[in-house]
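Data first, discussion second: the structure below is written as structure tokens.
Number of protein chains: 2
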Amino acid sequence: MLSERQRMILNAIVDDYIRSAEPVGSRSISKRGDVTFSPATIRNEMADLEELGLLEQPHTSAGRIPSIKGYRYYVDHLVTLDGLGDQDVRKLRTFFAEKMNHWEGVIGHAATLLSQLTNYTSIVLGPEMFSTTLKHFQLIPINDVSAVAIIVANTGHVEHRTITIPDGISMDDMAKIVNLLNDKLTGIPFHRVKSVLHSEIAKELTRYIDHCEEILSLLEQTITEEQEPKVFLSGASNMLTQPEFKDIDKAKSILEMLEETQLLMQLFQSNPSGIQVRIGTENAMEAINQCSLITATYSYEGQSLGTIGILGPTRMEYGKVISLLDYLSKDIALLMSRWHK
Amino acid sequence: MLSERQRMILNAIVDDYIRSAEPVGSRSISKRGDVTFSPATIRNEMADLEELGLLEQPHTSAGRIPSIKGYRYYVDHLVTLDGLGDQDVRKLRTFFAEKMNHWEGVIGHAATLLSQLTNYTSIVLGPEMFSTTLKHFQLIPINDVSAVAIIVANTGHVEHRTITIPDGISMDDMAKIVNLLNDKLTGIPFHRVKSVLHSEIAKELTRYIDHCEEILSLLEQTITEEQEPKVFLSGASNMLTQPEFKDIDKAKSILEMLEETQLLMQLFQSNPSGIQVRIGTENAMEAINQCSLITATYSYEGQSLGTIGILGPTRMEYGKVISLLDYLSKDIALLMSRWHK
DNA sequence: CGTTAGCACTCCTTTTAAGCGAGTGCTAAT
DNA sequence: ATTAGCACTCGCTTAAAAGGAGTGCTAACG
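Laid out in structure tokens, this is it:
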């Protein structure tokens, strides 16, 4: 349990360090105004806080910087969430104003906005189709051997891919298949599509058409494989602004990680609804052990759909970022519900 | 006009500098084996080459490095295109083997491949729809007020966006409009869609439906706005590997530029078919004045469709990159023609 | 007893100086 | 025409010195 004074001092140190990126000394805290004790007193408290593991010293005779544990305490107990400035609010308001006609637009724009407002890197995961239902399925022939399969979800989400039509399947057959699929699958949640495809559709299909196994597995692939969400990244170069990454090698390993979509999705794996803060080594990923990741989920009809997140140095403006993510995730949810209500 | 010996020396200097990134001295050239003259002789020639503007000296008593003009001469007259190693060829072969079912897959994969094989940054522009024709147009209602418009090109390219249905337009009306559009627009090249929409469609539409101006402009937007090609980027972090960008600020300004899709498209603006090399300040963009950009167009039925490119330091392995781009652009063209023949 | 002034000490950072060495340009010899 | 020899330049590395921010401890103060 920390005393009130210790908490004030810890708060002051974290705030100062977030601004300056340099170890904070007792003198500078004493001069801040909000902590009215002398440097000597503050030094004593700082020694205690260091013993508790909340602060560390880069070397003897340097100021203190917050440890991971220190940031954690700050985030859990001290941070103030007033962080949205006038400009920020104005930009966020215009977020609604811009006409967006597909979700990629919304999500991509949100990513850009986040990185611009924070000067950190933003990572945004597009909506998962898990809880959405199939609205429409269609095959459009391109030529004799290939067709475009188009899948529309009830959220307006569209996926498509080109498939090769197996030999021995006529145009008529295709039309029948499409009708059958629309009959049976419309309104079915995507995560159940696969089983319905196997149980009901397979039987019907064998009646009409030969070679049905082939086309069935093709459709299965087409419909089920595309469920992985898309990742949007913005402001990766902002990482280079941070003094902690002036070392090219550190910067490089982070940027390399950011380029691997797979890894980013791993990073977002366990996202409980609401806002989550992962500080430094609390992140599983080696490359971002000196970073903090703050994520917020956006949801539609109570179901959490996707995630927006900010990656920055552990020395991050937690207050500002948290309130921004909170605000924007609700905005996105609202925007999506307006579309599809 | 350069003498044979001068060309050998220039070639040796460029080759050496590309490998080492350090100013090349007369002594080290003399020891290479392929230029059998003494350092003193080589020094004389180097002084001449500097006077011609092909070499420069970072400071007195340093070795020489190629100037922009020097690289230009190297690329135009000296470079050897044998650059594809065994591994490279093997990886390129597997490019065809992977199953790709939409063009984004091909293009994205090509970008990854290029950056991995070269350790530079690759930029790839997806196919322009300019010369392609409309294959199918469809509106799929999502709910009472919105629908998804889907546009399929004869190349299998699919675009979609959500539109809001204006008041006073019924489902029947929509169906009529879709039929009309498919009748009139199928087979029409995209660049002519707009005018056809205004001339023929507008007349017909006024007969059936009120409020037609509104929906017409909506459709026009939908169909014409989506023609801008998509940009794929890979290996941006490779820039940080190059010693010339160990300076964080230089690296940052380049990475920032790479994040702006608009700028990248500008960069590719004038792309005559075939391979183009732009060295250093030959690039219009300030941020990449210390970079070289090599681009190759890939085409389909004689019409150049899109561009693949490599961005690296001026000290780039021109031979290897040029042959690689040449090879891959033809591969992509072949792959696309196989789909749609 | 909590708080604060004073002071010696630590250690990082910046500055200055010296020496090294790769490379050049010129001259004279081959 | 080519090459060996040599004095000279200048960036880079290493070493030493100066500077300074900040601490921990002790003793004095209210």
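Residue numbers (our numbering), protein chains in the order written: chain A, 19 to 359; chain B, 19 to 359.
The beta-carbon is built from N, C-alpha and C at its ideal position, and this holds for glycine as well.
Discussion item. Please report the distance separating the alpha-carbon of valine 93(A) from that of leucine 72(A).
Written reply: Indexing the first sequence from 1 puts residue 93(A) at position 75. Indexing the first sequence from 1 puts residue 72(A) at position 54. Computed Cα separation, rounded: 12 angstroms.
Worksheet item: alpha helix (DSSP H) containing glutamate 63(B): first to last residue?
Response: Reading the second sequence from its first residue, position 45 is the one you call residue 63(B). Element bounds for glutamate 63(B): 57-69.
Worksheet item: For a contact meaning CB atoms closer than 9 angstroms, what does asparagine 172(A) contact in chain B?
Response: Working through the first sequence from its first residue, we reach residue 172(A) at position 154. Chain B residues near asparagine 172(A): Ile160, Asn161.
Worksheet item: By how many angstroms is the C-alpha of alanine 351(B) removed from the C-alpha of serine 341(A)?
Response: Along the first sequence, read from residue 1 onward, the residue named residue 341(A) stands at position 323. Along the second sequence, read from residue 1 onward, the residue named residue 351(B) stands at position 333. Roughly 49 angstroms between the two C-alpha positions.
Worksheet item: Where do the N-terminal and C-terminal ends of the beta strand (DSSP E) with glutamate 177(B) fall, by residue?
Response: As a position in the second sequence, residue 177(B) is number 159, starting the count at 1. Run containing glutamate 177(B): 176-182, per the beta strand (DSSP E) assignment.
Worksheet item: Thinking just about the alpha-carbon of each residue, which of Arg82(B), Glu231(B), Phe208(B), Ser48(B) is nearest to the one in glycine 186(B)?
Response: Locating residue 186(B) in the second sequence gives position 168, counting from the first residue. Measuring from the Cα of glycine 186(B), the nearest candidate turns out to be Glu231(B).
Worksheet item: For serine 255(B) and chain A, any beta-carbon pair shorter than 7 angstroms?
Response: Locating residue 255(B) in the second sequence gives position 237, counting from the first residue. Yes, serine 255(B) counts as interfacial toward chain A.
Item to complete: Taking alanine 269(A) and leucine 258(A) to be in contact with their CB atoms under 8 angstroms, please state how far apart those CB atoms are, rounded to whole angstroms.
Response: Walking along the first sequence from the start, residue 269(A) turns up at place 251. Walking along the first sequence from the start, residue 258(A) turns up at place 240. Their Cβ separation, rounded to whole angstroms, is 6 angstroms, which keeps alanine 269(A) and leucine 258(A) in contact under 8 angstroms.
Practice prompt. List the endpoints of the continuous beta strand (DSSP E) containing arginine 296(B).
Written response: Position 278 of the second sequence holds residue 296(B). Note, arginine 296(B): beta strand (DSSP E), 293-297.
Worksheet item: What separation, rounded to the nearest whole angstrom, lies between the Cα atoms of tyrosine 336(A) and proline 331(B)?
Response: Walking along the first sequence from the start, residue 336(A) turns up at place 318. Walking along the second sequence from the start, residue 331(B) turns up at place 313. Straight-line Cα distance between these residues: approximately 38 angstroms.
Fill in: Spatially closest choice to glycine 327(B) from Pro261(B), Ala254(B), Gly320(B), Arg356(B), by CA coordinates
For this step, residue 327(B) is matched to residue 309 along the second sequence. When only C-alpha atoms are compared, the closest one is Ala254(B).
Practice prompt. Starting from the beta carbon of glutamate 277(B), find every residue of chain A whose beta carbon is closer than 8 angstroms, and list them in chain order.
Written response: In the second sequence, counting from the first residue as 1, residue 277(B) sits at position 259. In chain order: Ser252, Gly253, Ala254, Ser255.
Fill in: Alpha carbon of glycine 292(B) to alpha carbon of alanine 314(B), nearest angstrom
Locating residue 292(B) in the second sequence gives position 274, counting from the first residue. Locating residue 314(B) in the second sequence gives position 296, counting from the first residue. So the two alpha carbons sit approximately 5 angstroms from each other.
Item to complete: Could you have a look at histidine 77(B) and say whether DSSP puts it in helix, strand or coil?
Response: Looking up residue 77(B) in the second sequence gives position 59. Histidine 77(B): coil per DSSP, three-state reduction.
Worksheet entry | C-beta atoms of glutamine 105(A) and glutamate 63(A) nearer than 7 angstroms | Position 87 of the first sequence, counted from the first residue, corresponds to residue 105(A). Position 45 of the first sequence, counted from the first residue, corresponds to residue 63(A). Against a cut-off of 7 angstroms, the Cβ pair of glutamate 63(A) and glutamine 105(A) comes out as no contact.
Worksheet entry | Nearest-angstrom Cβ-Cβ length linking tyrosine 138(A) and methionine 334(A), presumed shorter than 8 angstroms | For the purposes of this step, residue 138(A) is identified with residue 120 of the first sequence, where counting begins at 1. For the purposes of this step, residue 334(A) is identified with residue 316 of the first sequence, where counting begins at 1. Contact holds; Cβ gap of about 7 angstroms.
Item to complete: Measuring only between beta-carbons, confirm whether lysine 202(A) sits less than 7 angstroms from chain B.
Response: Residue 202(A) sits at position 184 when you count from the first residue of the first sequence. For lysine 202(A), the answer is no, since every Cβ of chain B falls outside 7 angstroms of its Cβ.
Practice prompt. Label proline 6(A) either buried or exposed according to how many other C-beta atoms from any shown protein chain fall within 10 Å of its C-beta, with 16 as the threshold for buried.
Written response: Residue 6(A) cannot be examined here, being either before or after the span of chain A that is shown, 19 to 359.
Practice prompt. Starting from proline 84(A), follow its DSSP beta bridges and name the residues at the other end.
Written response: Mapped onto the first sequence, residue 84(A) falls at position 66. In DSSP, proline 84(A) forms a bridge with Leu73(A).
Fill in: Range of the contiguous beta strand (DSSP E) that encloses glutamine 105(A)
Walking along the first sequence from the start, residue 105(A) turns up at place 87. Where glutamine 105(A) is concerned, there is no enclosing beta strand (DSSP E), although the alpha helix (DSSP H) it sits in stretches over 104-115.
Worksheet item: Taking only beta-carbon atoms, is glutamate 319(A) less than 7 angstroms away from chain B?
Response: Here residue 319(A) refers to the residue found at position 301 when the first sequence is read from its first residue. Not one chain B Cβ lies under 7 angstroms of glutamate 319(A).
Worksheet item: For a contact meaning CB atoms closer than 7 angstroms, what does lysine 248(B) contact in chain A?
Response: In the second sequence, counting from the first residue as 1, residue 248(B) sits at position 230. Going along chain A, no residue has its Cβ under 7 angstroms from lysine 248(B), so there is no contact; the nearest lies around 11 angstroms.
Worksheet item: Which residue from Ala39(B), Gly51(B), Ser38(B) puts its Cα closest to that of isoleucine 27(B)?
Response: Taking the second sequence and counting its residues from 1, one reaches residue 27(B) at position 9. For isoleucine 27(B), the nearest C-alpha among the options comes from Gly51(B).
Discussion item. If I follow the unbroken alpha helix (DSSP H) through serine 322(B), where does it start and stop?
Written reply: The residue given as residue 322(B) occupies position 304 in the second sequence. Looking at the DSSP string, serine 322(B) is not in any alpha helix (DSSP H); the run it does join, the beta strand (DSSP E), is 321-331.
Item to complete: Just the chain A side, please: which residues come within less than 9 angstroms of lysine 153(B) by C-beta, in chain order?
Response: Along the second sequence, one-based indexing puts residue 153(B) at 135. Result: Ile158, Pro159, Ile160, Val166.
Practice prompt. Spell out a yes or no on whether the stretch 211-221 of chain B and the stretch 213-226 of chain A are touching, meaning 3 or more CB-CB pairs, one atom from each, closer than 8 angstroms.
Written response: At 8 angstroms Cβ cutoff, the stretches do not touch.
Fill in: leucine 131(B) CB to nearest heavy atom of the ligand SAH below 6 angstroms
Absence of the ligand SAH from the depicted structure is noted, as is the absence of any ligand whatsoever, leaving it without description.
Practice prompt. Within the same chain, show all residues whose beta-carbon is closer than 8 angstroms to that of glycine 298(B), passing over the 5 residues directly before and after it, in chain order.
Written response: Against the second sequence, residue 298(B) aligns to sequence position 280. The residues are Ile86, Tyr89, Asn307, Gln308, Cys309, Ser310, Thr332.
Worksheet item: When burial is assigned at 16 or more other CB atoms within 10 Å of the CB, is threonine 150(A) buried or exposed?
Response: Locating residue 150(A) in the first sequence gives position 132, counting from the first residue. Counting Cβ neighbours within 10 Å, threonine 150(A) comes out buried, since at least 16 surround it.
Fill in: alpha helix (DSSP H) segment containing threonine 279(A), residue limits
Here residue 279(A) is taken as the residue at index 261 of the first sequence, counted from 1. Unbroken alpha helix (DSSP H) run through threonine 279(A): 279-285.
Worksheet item: If we count the other Cβ atoms within 10 Å of its Cβ and call it buried at 16 or more, is methionine 189(B) buried or exposed?
Response: What you label residue 189(B) is simply residue 171 of the second sequence in a count that begins at 1. By the neighbour-count definition (other C-beta atoms within 10 Å, threshold 16), methionine 189(B) is an exposed residue.
Discussion item. Give me, in chain order, the residues of the same chain whose beta-carbon lies closer than 6 angstroms to that of leucine 281(A); leave out the 5 immediate sequence neighbours on both sides.
Written reply: To locate residue 281(A), count along the first sequence from 1; it is residue 263. Excluding positions up to five away in sequence, the list reads Met275.
Discussion item. So proline 247(B) and glycine 324(B) are supposed to be a Cβ contact under 8 angstroms. How far apart are they, rounded?
Written reply: The count along the second sequence starts at 1 and reaches residue 247(B) at position 229. The count along the second sequence starts at 1 and reaches residue 324(B) at position 306. The pair is a contact, with the Cβ atoms about 6 angstroms apart (cut-off 8 angstroms).
Worksheet item: Hey, is lysine 264(B)'s beta-carbon within less than 7 angstroms of any beta-carbon in chain A?
Response: To locate residue 264(B), count along the second sequence from 1; it is residue 246. Yes, its Cβ sits closer than 7 angstroms to a Cβ of chain A.
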